[in-house]
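In my numbering, the protein residues as written are 316 to 817.
Okay, so here's the structure we're looking at.
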RNA sequence: GGUCGGGUGGCCGAGCGGUUAGGCAGAGGUCUGCAAAACCUUGUACGGCGGUUCGAAUCCGCUCCCGACCUCCA
């Protein structure tokens, strides 16, 4: 059964491969988390939403997943430089006259809140770089012992030239040719002269006097290089070689490339079998950039407080918008695209409510509808198995939306599908939307209502029905329009009137 | 400049050798007191130029644009 096999695009091989865990049913997945020195970027949110769906789907199809996502709270230097620049967190701490830990604590909380807002599941473990200084020092020592690093003035550098000579690993992940890597010069960086070669990178950095974050090590009082934490923490929690390593495509080089080198250098093993890279979020067809104003924050999306959008978009609308594209493609955020996503999101949520309220009656009178619906349901999983293709799976789900609404309108008799198919439909549809995609039904009115709202609405709907019965159109329209004015939309259907918050 | 990845209808976005993707918007219809919602029907595509093939959006070559990384921005 082809459709039963999960295939994943492996960045390492640039091919879709059948996913075979090292120790089924267990799966180890490591995803590079945020550097907590500022509010989380909406593009970063996309990455974590993508991996949330991947995590949810792996669990849904029965794997026992250990999902590790780190918090980078030290070592990530300005400009992704590996030395000579200021640590992102230390810089922020200095600016705001706070302890580095205050900075990272604040933004870690903010990050968690945002992940919660987007209804993503917590990873199994969320280790911090500062909590693993000892292990990082040990790994530096291991790399030194294996001859792939050298010490200069208290800093330790990874010897890329020697590493490249000893195997053909370096450059493979990012698709770079060794010659190109080695011909690059970055003269503008300080401490460049400490390196034997421009492509070498720091794994331990000696702190200068003013540096706020510093630890004792055999080489100097200093701090670990940015790439090291991921090598260390993935190894510690998932083993030398594990199943999946993920992150944004912007991390491919140098971060992931150097991570791979470190793992080989320390453990003589490749860290991950499968690499998954999620693509960038654009806005209005261009890269988001703070400096030229082509930029929006998650909060601005939720409040509508931005010149780039005409209205507020809720977290689930934004999430749904993201799901309509494949994680491996760039996605272009725009007001029109969000508007379309909002309509689509509401339509599918409404269909789910309709579906759950349908009641199967009468004897089965099966026809083609049964097989069509079976095929659509099955298709969702065929698509998800094809490298987590959420846009295609969603297309199948919209096929089901069509069927569901036809049941509601009586265009298709419910008993033209079997009772079993119907029950499966109710189950699968909800499971896909909520368990796999991790959506929430924000339009659901029962959440904050305590029953009174529903009863009040029933009363109002009844009063309007009476008015309509008396052909008192002025009254019935007044009710409808007034409700619309306070954000309640009435929907007249064959089976009576329902309402939603608009 | 180097290395990767893209250019699909009004918009977003799947597909990647032969099938309606899907959502939104548009047009016509059904329903409705009128609307909205829902349902039915429906138009508009594959950057350009060559080539391979019975057949190409899908493969190859050239070309033009765009994006990512290499350099502050996830």
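Each residue gets a CB set at the ideal place from its N, CA and C atoms; glycine is no exception.
Please classify residue 405 as buried or exposed, where buried requires at least 16 neighbouring CB atoms within 10 angstroms.
buried
Taking the alpha-carbon positions, what's the residue 527 to residue 400 distance?
14 Å
Short Cβ contact (8 Å threshold) for residue 597 with residue 648
yes
Rounded C-alpha distance that separates residue 776 from residue 812
When rounded, the separation of the alpha-carbon atoms in residue 776 and residue 812 is 7 Å.
Could you tell me whether the Cβ atoms of residue 799 and residue 790 are closer together than 8 Å?
no
Does the region 361 to 375 come close enough to the region 402 to 417 to have 3 or more Cβ pairs within less than 8 Å?
no
Helix, strand or coil: how does DSSP classify residue 757 here?
Three-state result, residue 757: coil.
Would you identify the three-state DSSP class for residue 558, choosing helix, strand or coil?
strand
Alpha-carbon spacing of residue 500 relative to residue 575, whole angstroms:
Low confidence applies to residue 500: its pLDDT is 46, below 50, so where it sits in the model is not reliable, and the reading given next is rough at best. Straight-line spacing of the CA atoms in residue 500 and residue 575 works out to 22 Å.
Decide yes or no for the touch test of the region 551 to 568 against the region 454 to 469: beta carbon pairs closer than 8 Å, at least 3 of them.
no
Between the C-alpha atoms of residue 321 and residue 619, what's the straight-line distance to the nearest angstrom?
39 Å
Cβ contact (3+ pairs, closer than 8 Å) linking the region 528 to 544 and the region 448 to 464:
yes
On the CB-based measure, 16 or more other CB atoms within 10 Å of its CB, does residue 346 come out buried or exposed?
buried
If you compare alpha carbons, which of 414, 580, 683, 523 is closest to residue 473?
580
Bridge partner(s) assigned by DSSP for residue 464
Residue 464 is bridged to 473.
DSSP on residue 801, reduced to helix/strand/coil?
Of the three classes helix, strand and coil, the one that applies to residue 801 here is coil, per DSSP.
Excluding five sequence neighbours on each side, which residues of the same chain lie with their C-beta closer than 6 Å to the C-beta of residue 326?
590, 592
Buried or exposed by the 16-neighbour rule on C-beta atoms within 10 Å, applied to residue 712:
Result: buried.
Residue nearest to residue 516 in terms of C-alpha spacing, selected from 485, 524, 587, 525
Selected option, being the one with the closest Cα: 485.
Would you kindly work out how many angstroms separate the C-alpha atoms of residue 670 and residue 767, rounded to a whole number?
Near 24 Å, if we compare the C-alpha coordinates of residue 767 and residue 670.
Hey, residue 678 and residue 730: beta-carbon distance below 8 Å or not?
For residue 678 and residue 730, yes; Cβs fall inside 8 Å.
If you drop the 5 nearest sequence neighbours on each side, which residues of the same chain put their C-beta closer than 6 Å to that of residue 642?
365, 593
Whether residue 544 touches residue 343 by CB criterion (8 Å):
Between residue 544 and residue 343, the CB-CB gap reaches or exceeds 8 Å.
For residue 402, name the three-state secondary structure that DSSP assigns.
If DSSP states are grouped into helix, strand and coil, residue 402 belongs with the strands.
Supposed close pair residue 372, residue 751 - CB separation, criterion 8 Å:
That pair is a contact at about 5 Å.
Sorted by chain position, which residues of the same chain lie with C-beta nearer than 8 Å to residue 446's C-beta, five sequence neighbours on each side aside?
none
Quick one: residues in its chain with C-beta nearer than 8 Å to the C-beta of residue 358, no 5 flanking neighbours on either side, listed in chain order?
563, 595, 596, 603
Check each candidate in 814, 723, 537, 659 and name the one with the smallest Cα separation from residue 773.
Per the C-alpha coordinates, the member of 814, 723, 537, 659 positioned closest to residue 773 is 814.
Taking only three categories from DSSP, how would you classify residue 567?
helix
Taking a contact to mean a Cβ-Cβ separation below 8 Å, would you say residue 319 touches residue 702 in this structure?
Against a cut-off of 8 Å, the Cβ pair of residue 702 and residue 319 comes out as no contact.
C-beta atoms of residue 443 and residue 388 nearer than 8 Å:
yes
Evaluate residue 778 with the Cβ neighbour count: other Cβ atoms within 10 Å of its Cβ, from every protein chain shown; 16 or more gives buried, anything less gives exposed.
Label assigned to residue 778: exposed.
On the three-state DSSP scale, how would you describe residue 343?
strand
Looking only at its own chain, which residues have a Cβ that is under 8 Å from the Cβ of residue 461, when we skip the five neighbours before and after it?
580, 581, 583
Is it the case that the Cβ atoms of residue 709 and residue 631 are separated by a distance below 8 Å?
The criterion of a C-beta distance shorter than 8 Å is not satisfied by residue 709 and residue 631.
For the alpha helix (DSSP H) holding residue 363, just list the boundary residues, first then last.
357 to 375
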